[in-house]
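Chains A and B are the protein sequences, given in the same order.
Going by full-length UniProt numbering, the first residue of the first sequence is number 1, and it counts up by one from there.
Going by full-length UniProt numbering, the first residue of the second sequence is number 1, and it counts up by one from there.
Glycine included, every Cβ here is placed at the ideal spot set by N, Cα and C.
In this text the structure is predicted, and so the values were computed from the model without any measurement.
The structure appears below as structure tokens.
2 protein chains.
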Amino acid sequence: MAGARLKDVAEAAGVSIKTVSNVVRGSARVAEPTRERVLRAIDELGYTPNASARHLRTGRSGIIALAVPELVAPYFAELATAVIAAAKERGCTVLIEDTGGDADEELRVACGLSDPLIDGVLLSPLRLDQSQLAGREHRVPLVLLGERDYEVPADHVLIDNVAAAREATAHLLSLGCRRIAAIGREQTPHATSQQRLDGYVQALKEAGIGYEERLAPPVPTYTRAAGAEVMRSLLELPEPPDAVFCFTDLLATGALRAAHERGLDIPRDLALVGFDDIEEAQFAVPSLTTIAPDKRQLARLAVEALLARIEGRVAGGAEAPHATIRAEYELVVRESTRL
Amino acid sequence: MAGARLKDVAEAAGVSIKTVSNVVRGSARVAEPTRERVLRAIDELGYTPNASARHLRTGRSGIIALAVPELVAPYFAELATAVIAAAKERGCTVLIEDTGGDADEELRVACGLSDPLIDGVLLSPLRLDQSQLAGREHRVPLVLLGERDYEVPADHVLIDNVAAAREATAHLLSLGCRRIAAIGREQTPHATSQQRLDGYVQALKEAGIGYEERLAPPVPTYTRAAGAEVMRSLLELPEPPDAVFCFTDLLATGALRAAHERGLDIPRDLALVGFDDIEEAQFAVPSLTTIAPDKRQLARLAVEALLARIEGRVAGGAEAPHATIRAEYELVVRESTRL
Numbered sequence: 001m002a003g004a005r006l007k008d009v010a011e012a013a014g015v016s017i018k019t020v021s022n023v024v025r026g027s028a029r030v031a032e033p034t035r036e037r038v039l040r041a042i043d044e045l046g047y048t049p050n051a052s053a054r055h056l057r058t059g060r061s062g063i064i065a066l067a068v069p070e071l072v073a074p075y076f077a078e079l080a081t082a083v084i085a086a087a088k089e090r091g092c093t094v095l096i097e098d099t100g101g102d103a104d105e106e107l108r109v110a111c112g113l114s115d116p117l118i119d120g121v122l123l124s125p126l127r128l129d130q131s132q133l134a135g136r137e138h139r140v141p142l143v144l145l146g147e148r149d150y151e152v153p154a155d156h157v158l159i160d161n162v163a164a165a166r167e168a169t170a171h172l173l174s175l176g177c178r179r180i181a182a183i184g185r186e187q188t189p190h191a192t193s194q195q196r197l198d199g200y201v202q203a204l205k206e207a208g209i210g211y212e213e214r215l216a217p218p219v220p221t222y223t224r225a226a227g228a229e230v231m232r233s234l235l236e237l238p239e240p241p242d243a244v245f246c247f248t249d250l251l252a253t254g255a256l257r258a259a260h261e262r263g264l265d266i267p268r269d270l271a272l273v274g275f276d277d278i279e280e281a282q283f284a285v286p287s288l289t290t291i292a293p294d295k296r297q298l299a300r301l302a303v304e305a306l307l308a309r310i311e312g313r314v315a316g317g318a319e320a321p322h323a324t325i326r327a328e329y330e331l332v333v334r335e336s337t338r339l
Numbered sequence: 001m002a003g004a005r006l007k008d009v010a011e012a013a014g015v016s017i018k019t020v021s022n023v024v025r026g027s028a029r030v031a032e033p034t035r036e037r038v039l040r041a042i043d044e045l046g047y048t049p050n051a052s053a054r055h056l057r058t059g060r061s062g063i064i065a066l067a068v069p070e071l072v073a074p075y076f077a078e079l080a081t082a083v084i085a086a087a088k089e090r091g092c093t094v095l096i097e098d099t100g101g102d103a104d105e106e107l108r109v110a111c112g113l114s115d116p117l118i119d120g121v122l123l124s125p126l127r128l129d130q131s132q133l134a135g136r137e138h139r140v141p142l143v144l145l146g147e148r149d150y151e152v153p154a155d156h157v158l159i160d161n162v163a164a165a166r167e168a169t170a171h172l173l174s175l176g177c178r179r180i181a182a183i184g185r186e187q188t189p190h191a192t193s194q195q196r197l198d199g200y201v202q203a204l205k206e207a208g209i210g211y212e213e214r215l216a217p218p219v220p221t222y223t224r225a226a227g228a229e230v231m232r233s234l235l236e237l238p239e240p241p242d243a244v245f246c247f248t249d250l251l252a253t254g255a256l257r258a259a260h261e262r263g264l265d266i267p268r269d270l271a272l273v274g275f276d277d278i279e280e281a282q283f284a285v286p287s288l289t290t291i292a293p294d295k296r297q298l299a300r301l302a303v304e305a306l307l308a309r310i311e312g313r314v315a316g317g318a319e320a321p322h323a324t325i326r327a328e329y330e331l332v333v334r335e336s337t338r339l
């Protein structure tokens, strides 16, 4: 329906125009079932809130920035797509910046990209450290997306990485594997790698197995090539592993490739679990068991947290304490561990 | 070297400060070997041109927008990364917008995102049609990236898709394949699918083979799932194909998966060629023969064309005729066609 209006949406959803307007503005006063109904009607009718008019009224642009470490990592491209969809539901446009995981670039973004037209920033930081963030000028509302290991002066949306990594490793233990390698430890760990390593070590410990550093060789980067390289080195150990937990699916696809080149049968010779549930994991040969963070939920929670800050809907205002908001994840079992 | 200055770069490169400044500003007056030397010194010293100061002087922001149809398609994520690198070499920042391949969204981007801070726009259009583009208000310089089948009022950087698709198909013919299917034809074709289909048909014709529409069934979308679905339908034909040319690597990874599920040996039972050379193609099992557009060159040419327009360096000024600029591609042979 071209040119659908507020009135059409209200009729289709069986609610008042005021309610539709509340949903579009992101008011917290709408009950969830009603909100879902209105969003569905908006979607079906192809209604676009008249953003310009609203923004003129509020002095806001309706543009938020999303900064991720690297778009060529499919996890971040998928997360960005989920953020765009979540923002669109709320009548906002997203501009994306690829920081390359560079701390200076991340700080620049956290300070609002010097673009006065940006209402707020969602930042998925990789290297930015606490002291840098603490010192930032509070020019635009900021919400962090993804794991950090320190307190930050910003709302923060994440999954429980330690628990997820523990579950991935426990799954391999439940198959009878006892020499479980880990691919993803870093020499100078960032939060993601440290938390996933902690979960791996915890699961081993619970099974009475000690941590062997040579079963978790350091990786130079989180790429397919690094995953393949580290897998090759693990297969040359005097006692090679019978399973591998990879800290990202990208590392896992590299490990799969290296195991294939050595003629190994996965999962019989080597069981393999990844992390991220990128789309490629479903289509890999063999398909990949992995931890699937709920990206849609992560995106919605992050956009909601940011809009609440932008629109001043946080009790206590700008000085309100910052929240840590957890999203769900699940272990998805596929061919790479199906014995 | 933290806080490297123009002077340090000039010293390291053995040129005058003026020359470094010319390189940073993208002046065409610097000889290529000198330019390379200066860029290398900039890179080694970690020199960041003082963008803010320069932009205050020129009235420009140093921010360009890049709009692509979908970041979850790895080709576009890789292209975006190449554009970011090319822009960085020129002291520019890139903000990315994912248009979802929506024509209205593409038009909005082509009109400059209503953001006065954006100096220019690189647009990789999917659905935007000629009449819409012709009617756009010329608010910001625009360069198109990727194939179109019509004349557009903008510079345009692309590869020769027809020739590349012909070469991919001819490669399959050279292996002795005679029933070559195509995955990627669309019901309402956009330029990419039409040009790749044309190249496929031309190669068959040159080999004395007629085009059979049922060997090129329509695909609903350019996704892995669609590639797998169409591959399954092709394998159920009374006379199934002995080879497949997929119009994107994403379709090809879906086709690989479907062939694997049917227990086929690739390439012996079925040879397979993709298009795009996404990183995944190297790591797929089996690795994927594909057409590799030179993404780095595409990105550099596009950024250069846009900066030339932004900086008024085009002979004839804003009214100068629009150029079509071709980048290179090559066929990369891997396991999926190595008999």
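In the DSSP assignment, the residues bridged to alanine 292 (chain A) are A:Glu330. Under the criterion of beta carbons closer than 8 Å, tyrosine 222 (chain B) and leucine 251 (chain B) qualify as touching, at roughly 6 Å. Around the beta carbon of lysine 18 (chain B), fewer than 16 other beta carbons sit within 10 angstroms, so the residue counts as exposed. In terms of beta-carbon proximity, valine 201 (chain B) stays away from the interface with chain A, with every pair separated by 9 Å or more. In the three-state scheme derived from DSSP, where H, G and I count as helix and E and B as strand, leucine 270 (chain A) is classed as coil.
A direct Cα-Cα distance of roughly 28 Å separates leucine 117 (chain B) from arginine 313 (chain A).
Taking a beta-carbon distance threshold of 9 Å, glutamine 282 (chain A) counts as an interface residue toward chain B. Minimum Cα-Cα distance from alanine 225 (chain A) among the listed residues A:Asp249, A:Asp242 and A:Lys205 corresponds to A:Asp249. Checking the DSSP bridge columns, you'll see glycine 120 (chain A) partnered with A:Ile64. The segment 285-294 of chain A makes contact with the segment 150-169 of chain A: 3 or more CB pairs, one atom from each, lie closer than 8 Å. Residues Ala82, Val83 and Ala86 of the same chain have their beta carbon placed closer than 6 Å to that of alanine 299 (chain B), with the five preceding and five following residues left out of the count. Leucine 204 (chain A) is positioned such that its CB atom lies closer than 9 Å to that of leucine 173 (chain A).
Residues of chain A whose Cβ lies closer than 8 Å to the Cβ of aspartate 98 (chain B) are, in chain order, Ala80, Thr81, Ile84, Val94 and Ile96. At least one CB of chain A lies nearer than 9 Å to the CB of alanine 77 (chain B). Going by C-alpha positions, leucine 306 (chain A) is about 47 Å away from glutamate 335 (chain B). The C-beta distance from alanine 170 (chain A) to proline 241 (chain A) rounds to 16 Å, too long to fall under 8 Å, and the pair is not in contact. Under the Cβ distance rule, histidine 171 (chain B) does not count among the residues neighbouring chain A, no pair being separated by less than 9 Å. With respect to the 9 Å criterion, cysteine 177 (chain B) and alanine 243 (chain B) are classified as neighbours on the basis of their beta carbons. Here the alpha carbons of phenylalanine 245 (chain B) and leucine 272 (chain B) stand approximately 6 Å from one another. According to the DSSP assignment, phenylalanine 76 (chain A) belongs to the alpha helix (DSSP H) that extends over 74-89.
With distances taken between CA atoms, proline 153 (chain B) lies nearest to B:Pro141 out of B:Pro141, B:Ala259, B:Gly184 and B:Leu39.
Straight across, the Cα-Cα distance linking isoleucine 325 (chain A) with valine 68 (chain B) is about 31 Å.
Residues of chain A with a Cβ closer than 8 Å to the Cβ of threonine 253 (chain B) are, in chain order, Glu280 and Phe283. Among the bridge pairs identified by DSSP, threonine 324 (chain A) is matched with A:His156.
Residue contact check for glutamate 70 (chain B) against chain A: a CB pair falls below 9 Å. Comparing C-alpha distances from glycine 62 (chain A) to each of A:Glu311, A:Leu339, A:Arg338 and A:Ala327 shows the shortest one belongs to A:Glu311. In the DSSP secondary-structure assignment, valine 94 (chain B) is bridged to B:Ile64. Taking 7 Å as the Cβ-Cβ cut-off, the segment 293-305 of chain A has no residue approaching chain B. Leucine 71 (chain A) is a Cβ neighbour of alanine 77 (chain A), given a cutoff of 9 Å.
Arginine 179 (chain A) and alanine 255 (chain A) have their C-alpha atoms spaced approximately 16 Å apart. Among the CB atoms of chain B, one or more fall inside 9 Å of the CB of arginine 257 (chain A).
By a beta-carbon distance limit of 8 Å, isoleucine 183 (chain B) contacts valine 219 (chain B). Their separation comes to about 6 Å. About 7 Å separates the beta carbons of alanine 163 (chain B) and glycine 199 (chain B), which is inside the 8 Å limit, making them a contact pair. Sequence-distant Cβ neighbours of alanine 320 (chain A) in its own chain, meaning closer than 6 Å and more than five residues away, are Val314. Assignment of alanine 284 (chain B) by DSSP, reduced to helix, strand and coil, places it in the coil class.
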